[in-house]
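Counting with this note's numbering, you get residues 1 to 162 for the letters of the sequence shown.
Positions of the beta carbon are idealized from the N, C-alpha and C atoms, including for glycine.
These notes are about the structure you will find just below.
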Amino acid sequence: MSLSIQPVREAIVAKLKTVSGIGVVNAFEPLAASMDALKRYYLPPASKSLKGWFVRRVSTQEVGEIYERGVEFTTWRIQGYLSVADEGASEIAAQDLVESIRQAFREDYDLGGVVASQSAPSSRGEIHLQLRELSTVMFCDVLCHSIRLELSTERYLTIEEP
Numbered sequence: 001m002s003l004s005i006q007p008v009r010e011a012i013v014a015k016l017k018t019v020s021g022i023g024v025v026n027a028f029e030p031l032a033a034s035m036d037a038l039k040r041y042y043l044p045p046a047s048k049s050l051k052g053w054f055v056r057r058v059s060t061q062e063v064g065e066i067y068e069r070g071v072e073f074t075t076w077r078i079q080g081y082l083s084v085a086d087e088g089a090s091e092i093a094a095q096d097l098v099e100s101i102r103q104a105f106r107e108d109y110d111l112g113g114v115v116a117s118q119s120a121p122s123s124r125g126e127i128h129l130q131l132r133e134l135s136t137v138m139f140c141d142v143l144c145h146s147i148r149l150e151l152s153t154e155r156y157l158t159i160e161e162p
């Protein structure tokens, strides 16, 4: 197995894109010199409302050998920003979107075979995508729902002799 994390990142992004109404999904955390430049990463085509996400690796832990393979546990941050629209009860829509995302990951335990599982080294049994925080923030000069999700993945690495 390749040591690159790119296939795992790509599988997470692809899974997010299957969720109806997800908006824009970035495979990295966009950074820009101006608010307008940053905003473009989070605006769906033909929309004036922010609805975008990014995926970023937070940590990786490699543990021992199991049957001559290393086990790698990676924690991923999936961050979303959605414009607040009180007349549309956007907080309820944001909560519903979170549940749709969680369901998509629940239904694809190994992300199409890219990882062994969605789990962490300290877990007992399966764990899935976790909602860590849903709050409101100013983002790109827009009041937004900020959604922070966390996903832990496990994959086996072939240990090669030097």
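Cut-off 7 Å between Cβ atoms - residues of its own chain near residue i, not counting five sequence neighbours on either side
i: Gly112; result: Ala11
i: Gly21; result: Leu97
i: Val142; result: Leu50, Ser83
i: Arg106; result: His128
i: Arg77; result: Arg56, Val58, Arg148, Glu150
Nearest-angstrom Cα separation, counted from residue j out to residue i
i: Thr158; j: Arg69; result: 5 Å
i: Arg102; j: Leu131; result: 8 Å
i: Val63; j: Phe73; result: 8 Å
i: Arg148; j: Arg56; result: 11 Å
i: Val8; j: Pro44; result: 24 Å
i: Gly23; j: Lys39; result: 13 Å
i: Met1; j: Asp110; result: Confidence at Met1 is low in this model, with a pLDDT of 43, below 50, so the placement of that residue should be treated as unreliable; the coordinate-derived value is given next. Cα to Cα, Met1 sits roughly 15 Å from Asp110.
i: Tyr42; j: Leu3; result: 30 Å
i: Asp108; j: Ala33; result: 37 Å
i: Thr75; j: Met35; result: 28 Å
i: Ala14; j: Gly88; result: 28 Å
i: Ser90; j: Lys48; result: 15 Å
i: Ala85; j: Val71; result: 44 Å
i: Thr60; j: Ala27; result: 17 Å
i: Tyr81; j: Ile5; result: 24 Å
i: Ile92; j: Val115; result: 32 Å
i: Leu133; j: Tyr156; result: For the sequence presented, residue 133 should be read as Glu rather than Leu. Going by the C-alpha atoms only, they are around 30 Å apart.
i: Ala46; j: Leu31; result: 22 Å
Cβ shell of residue i (< 8 Å), same chain only, five flanking positions each side left out
i: Lys17; result: Val25
i: Met138; result: Cys144
i: Val19; result: Leu97, Ser100, Ile101, Ala104
Cβ pair residue i, residue j closer than 9 Å
i: His145; j: Ser152; result: no
i: Glu154; j: Ser100; result: no
i: Trp53; j: Gln95; result: no
Proximity test, Cβ basis, 9 Å: residue i and chain C
i: Gln130; result: Although the question refers to chain C, the structure presented lacks it and comprises just one protein chain.
Same chain, Cβ closer than 6 Å to residue i, five either side skipped, listed in chain order
i: Cys140; result: Met35, Leu38, Lys39
i: Glu29; result: Phe54, Arg56
Next on the checklist: If we require 3 or more residues per run, which beta strand (DSSP E) segments fall completely within the stretch 86-119?
Outcome noted: Fully contained in the stretch 86-119 is no beta strand (DSSP E) run of length 3 or more.
Next on the checklist: Which runs of the beta strand (DSSP E) at least 3 residues long sit entirely within the stretch 31-78? Give them in chain order.
Outcome noted: Counting only runs of 3 or more, we get 51-66.
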